[in-house]
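Trainee: Here it is, the structure, as structure tokens.
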Amino acid sequence: MKRRQLLNNSALGFSTLALQAMLQRDGFGATEKSLTRQPDGLPHFAPKAKSVIWLFMRGGVSHMESFDPKPALNQYAGKTIPESPFAEVQKSERLKRVRVVVVNDANGQQRNKLYPLQVGYKKYGESGIEISDWFPHIGSQVDHLSIIRSMWTTDDNHGAQVQFHSGRHMLDPRVPTIGAWVNWGLGTLNENLPQFISMGPRFFDRRDGHYLGPAYDSIELKVDPKNPLDYAQPEGDMTAAEQRLGFDLVNRLNRLTTENYPNDAALDARIKSYELAYRMQTAVPGVIDFTEETEENQKLYGFDQKQTRPFGEQLLAARRFVEQGVRFIQIQHGDGAAGAWDQHSNLKTKHAELAQQVDRPVAGLIQDLKQRGLLDETLVVFATEFGRTPGSQGTNGRDHHPYGFSVWMAGGGLKGGIAHGATDEIGFHAVENPHYVTDVHATLLKQLGLKSHRMEIPGQKRLEQDFGHPIEEIIA
Numbered sequence: 002m003k004r005r006q007l008l009n010n011s012a013l014g015f016s017t018l019a020l021q022a023m024l025q026r027d028g029f030g031a032t033e034k035s036l037t038r039q040p041d042g043l044p045h046f047a048p049k050a051k052s053v054i055w056l057f058m059r060g061g062v063s064h065m066e067s068f069d070p071k072p073a074l075n076q077y078a079g080k081t082i083p084e085s086p087f088a089e090v091q092k093s094e095r096l097k098r099v100r101v102v103v104v105n106d107a108n109g110q111q112r113n114k115l116y117p118l119q120v121g122y123k124k125y126g127e128s129g130i131e132i133s134d135w136f137p138h139i140g141s142q143v144d145h146l147s148i149i150r151s152m153w154t155t156d157d158n159h160g161a162q163v164q165f166h167s168g169r170h171m172l173d174p175r176v177p178t179i180g181a182w183v184n185w186g187l188g189t190l191n192e193n194l195p196q197f198i199s200m201g202p203r204f205f206d207r208r209d210g211h212y213l214g215p216a217y218d219s220i221e222l223k224v225d226p227k228n229p230l231d232y233a234q235p236e237g238d239m240t241a242a243e244q245r246l247g248f249d250l251v252n253r254l255n256r257l258t259t260e261n262y263p264n265d266a267a268l269d270a271r272i273k274s275y276e277l278a279y280r281m282q283t284a285v286p287g288v289i290d291f292t293e294e295t296e297e298n299q300k301l302y303g304f305d306q307k308q309t310r311p312f313g314e315q316l317l318a319a320r321r322f323v324e325q326g327v328r329f330i331q332i333q334h335g336d337g338a339a340g341a342w343d344q345h346s347n348l349k350t351k352h353a354e355l356a357q358q359v360d361r362p363v364a365g366l367i368q369d370l371k372q373r374g375l376l377d378e379t380l381v382v383f384a385t386e387f388g389r390t391p392g393s394q395g396t397n398g399r400d401h402h403p404y405g406f407s408v409w410m411a412g413g414g415l416k417g418g419i420a421h422g423a424t425d426e427i428g429f430h431a432v433e434n435p436h437y438v439t440d441v442h443a444t445l446l447k448q449l450g451l452k453s454h455r456m457e458i459p460g461q462k463r464l465e466q467d468f469g470h471p472i473e474e475i476i477a
């Protein structure tokens with residue numbers, strides 16, 4: 002019997018056809034490439050960490066005004082780079098790494114007039130590491146941080162957001178993100194919650210799994226107990242029993258469809274997502290209900306100030322999700338397509354404002370994880386797509402800068418109170434222990450007990466650069 006005849010003759014035909022059409026519409030039809038087989042969910046070796054909280058500042062945080070002070074910028078302010086002792090930083094052979102997406106774009110250009118630091122620095126902790134005055138609360142936690150001052154990437158525009166998460170340039174095909182690889186490689190710790198959660202604004206690429214399949218995309222959540230997940234609650238009045246009946250019927254129809262398409266990874270993903278969504282309806286609101294949190298702990302995350310509360314709520318939710326066994330929580334800060342941290346002008350005013358929004362909540366998260374005994378098994382990442390230029394754009398801004406910038410990590414078996422790697426005297430190039438973005442990925446995977454080079458599937462050959470190398474110097 003032909004497929005169309007079977008569908009027409011079957012009492013379930015329209016339901017089956019509708020489901021397949023829905024999958025095809027979403028781009029989830031079965032292909033040879035989608036028939037991926039998940040590993041057994043066990044780490045390759047004994048892990049030091051169980052979960053990751055990934056904090057990403059969208060737009061490009063200035064490394065020189067956050068975690069990598071460069072007093073030479075004050076000394077030579079107003080001079081052009083060719084007029085300064087650092088003219089060699091702009092030699093053409095040192096600028097070849099960048100792949101330009103938009104030729105002659107107004108942004109992502111070389112900026113020659115050295116711009117002084119817009120904020121002071123102070124030494125913190127027993128390690129005495131200098132942190133910008135815009136981040137005093139994070140500075141108070143510096144003895145828990147591994148600061149990497151020698152990051153580099155190859156995209157001079159905001160596609161670098163995609164590159165930091167996936168390792169691939171925007172000109173390349175889309176590939177899985179680090180969160181998707183963790184989701185694919187490790188088994189869940191809580192069947193009632195998603196393994197990979199995303200919160201906050203996201204542009205450019207909205208998916209994570211790509212050729213791994215839709216089952217490994219992040220689940221987008223909001224900190225709203227009444228509606229944390231779009232489309233999870235039924236429309237109109239419906240009792241739990243009525244909803245259960247409807248869900249069971251859909252599940253039976255889906256299972257019947259799997260008999261005809263047993264190797265359809267996308268169909269399997271859709272069935273699992275329906276099942277998980279049903280369980281999440283009761284599990285998720287409880288996690289993001291903060292009434293059980295003490296007033297003191299809410300203040301730790303900045304709930305008492307309107308500037309800090311929104312990000313603080315997301316970070317407190319992240320801690321509560323980690324407690325419940327969620328593997329990877331991805332939180333993006335900075336709205337707009339480019340991201341709010343994209344200060345081509347008014348850098349001093351805007352960076353100070355944005356830093357205030359995140360500084361206290363992030364420090365509160367580290368302190369809270371520490372006091373609950375969770376920091377040792379939770380990796381916190383504070384990252385951004387690239388840095389800002391040592392030279393000024395206009396009168397008071399900095400342009401995109403992929404050649405050298407800073408991120409930091411904490412917990413999960415990493416050393417604290419360490420500043421690893423370095424940029425040159427004006428913060429232009431990563432010159433000491435330079436690290437491409439996937440070195441951060443490889444470090445996370447190692448701490449989670451996964452070997453980076455085993456994160457690959459048949460038919461999807463990865464580049465050597467995709468795997469990265471663990472940053473051994475920051476691992477305890």
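Count along the sequence shown from 1, then add 1; that gives the number in this note's numbering. From the three backbone atoms N, C-alpha and C, an ideal C-beta is built for every residue, glycine too.
1) Of the residues Ala-477, Lys-462, His-470 and Ser-199, which one's Cα is nearest the Cα of Pro-174?
2) Once the 5 residues before and after Thr-37 are set aside, which same chain residues still bring their CB inside 7 Å of it?
3) Are Phe-322 and Val-359 touching if we call contact CB-CB under 7 Å?
4) Reducing DSSP to helix, strand and coil, say where Gln-325 ends up.
5) What first and last residue would you give for the beta strand (DSSP E) that runs through Thr-379?
6) For a quick check, are the C-beta atoms of Gly-326 and Leu-190 less than 7 Å apart?
7) Between which two residues does the alpha helix (DSSP H) harbouring Phe-197 extend?
8) Would Ile-419 count as contacting chain B if we go by Cβ distances under 7 Å?
9) If you drop the 5 nearest sequence neighbours on each side, which residues of the same chain put their C-beta closer than 6 Å to that of Phe-87?
10) Let me know the beta strand (DSSP E) ranges lying completely inside the region 285-366, each 3 residues or longer, listed in chain order.
11) Using only CA atoms, which one of Trp-185, Ala-364, Leu-250 and His-211 lies nearest to Lys-300?
12) Under 6 Å Cβ to Cβ from Pro-471, same chain only, skipping five residues before and after it: list those, please.
13) For Asn-75, count the other beta carbons within 10 Å of its own beta carbon; 16 or more makes it buried, fewer makes it exposed. Which is it?
14) In angstroms with no decimal places, state the Cα-to-Cα distance between Ser-128 and Ala-384.
15) Within a Cβ cutoff of 8 Å, which residues of the same chain sit near His-345, ignoring the five residues on either side of it in sequence?
16) Taking the alpha helix (DSSP H) that Ser-167 falls in, what are its first and last residues?
17) The beta strand (DSSP E) that contains Ile-149, what's its start and end?
18) Please report the distance separating the alpha-carbon of Gln-333 from that of Val-101.
19) Going by DSSP, what residue range makes up the alpha helix (DSSP H) through Ile-179?
20) What does a CB cutoff of less than 6 Å around Ser-85 pick up in its chain, not counting 5 residues either side in sequence?
21) Considering only DSSP beta bridges, list what Ile-220 is partnered with.
22) If you measure between the beta carbons of Ala-50 and Glu-378, is that distance less than 7 Å?
23) Once the 5 residues before and after Ala-161 are set aside, which same chain residues still bring their CB inside 7 Å of it?
24) With DSSP as the reference, label Ile-472 as helix, strand or coil.
25) List the DSSP bridge partners of Met-410.
26) Have a look at His-45 and Gly-180 and give me their C-alpha separation to the nearest angstrom.
Mentor: Short version:
1) In the sequence shown, residue 174 corresponds to position 173, counting from 1. Nearest option by C-alpha distance: Lys-462.
2) Here residue 37 refers to the residue found at position 36 of the sequence shown. Only weak support exists for where Thr-37 lies, its pLDDT of 45 falling under 50; the value from the coordinates is given anyway. Leu-213, Gly-214, Ala-266 and Ile-458.
3) On the sequence shown, residue 322 is found 321 positions in, with the first residue counted as 1. On the sequence shown, residue 359 is found 358 positions in, with the first residue counted as 1. Against a cut-off of 7 Å, the Cβ pair of Val-359 and Phe-322 comes out as no contact.
4) To locate residue 325, count along the sequence shown from 1; it is residue 324. DSSP places Gln-325 in coil when its eight states are reduced to three.
5) Residue mapping note: residue 379 aligns to position 378 of the sequence shown, counting from 1. Element bounds for Thr-379: 379-385.
6) By one-based count along the sequence shown, residue 326 stands at place 325. By one-based count along the sequence shown, residue 190 stands at place 189. Inclusion of Gly-326 and Leu-190 in the CB contact set at 7 Å is warranted, their separation being smaller than that value.
7) For the purposes of this step, residue 197 is taken as the residue at position 196 of the sequence shown. First-last for Phe-197: 197-200, but that is the beta strand (DSSP E), not the alpha helix (DSSP H).
8) Given the protein chain composition of this structure (a single chain), no chain B is represented.
9) Here residue 87 refers to the residue found at position 86 when the sequence shown is read from its first residue. Excluding five sequence positions before and after Phe-87, the CB atoms of its chain that fall closer than 6 Å to its own CB belong to Ile-427, given in chain order.
10) 329-334
11) Your numbering for residue 300 matches position 299 in the sequence shown. Out of Trp-185, Ala-364, Leu-250 and His-211, Ala-364 has the C-alpha closest to the C-alpha of Lys-300.
12) As a working mapping, residue 471 is identified with position 470 in the sequence shown. Answer for Pro-471: Ala-443, Thr-444 and Lys-447, listed in chain order.
13) In the sequence shown, counting from the first residue as 1, residue 75 sits at position 74. Only exposed fits Asn-75, as fewer than 16 other CB atoms lie within 10 angstroms of its CB.
14) Counted from its first residue, the sequence shown places residue 128 at position 127. Counted from its first residue, the sequence shown places residue 384 at position 383. Rounded to whole angstroms, Ser-128 to Ala-384 spans 21 Å at the Cα level.
15) For the purposes of this step, residue 345 is taken as residue 344 along the sequence shown, with counting starting at 1. Cβ within range, chain order: Asn-108, Gln-394, Gly-395, Gly-398, Arg-399 and Asp-400.
16) Walking along the sequence shown from the start, residue 167 turns up at place 166. Element bounds for Ser-167: 161-167.
17) Translated into the one-based positions of the sequence shown, residue 149 becomes position 148. Unbroken beta strand (DSSP E) run through Ile-149: 146-153.
18) Translated into the one-based positions of the sequence shown, residue 333 becomes position 332. Translated into the one-based positions of the sequence shown, residue 101 becomes position 100. Taking the straight line joining both Cα atoms gives about 24 Å.
19) Here residue 179 is taken as the residue at index 178 of the sequence shown, counted from 1. 179-186 is the extent of the alpha helix (DSSP H) around Ile-179.
20) Counted from its first residue, the sequence shown places residue 85 at position 84. Excluding five sequence positions before and after Ser-85, the CB atoms of its chain that fall closer than 6 Å to its own CB belong to Tyr-77, given in chain order.
21) Here the question's residue 220 lines up with position 219 in the sequence shown. DSSP output for Ile-220 lists Ile-198 as bridge partner(s).
22) Here residue 50 refers to the residue found at position 49 of the sequence shown. Here residue 378 refers to the residue found at position 377 of the sequence shown. Closer than 7 Å, so yes.
23) Translated into the one-based positions of the sequence shown, residue 161 becomes position 160. Cβ neighbours of Ala-161 beyond the five flanking positions: Thr-154, Glu-386, Phe-387 and Pro-403.
24) Along the sequence shown, one-based indexing puts residue 472 at 471. Coil, per DSSP.
25) Residue mapping note: residue 410 aligns to position 409 of the sequence shown, counting from 1. Answer is Ser-147 and Val-382.
26) If you number the sequence shown from 1, residue 45 lands on position 44. If you number the sequence shown from 1, residue 180 lands on position 179. Those two C-alpha atoms are separated by around 17 Å.
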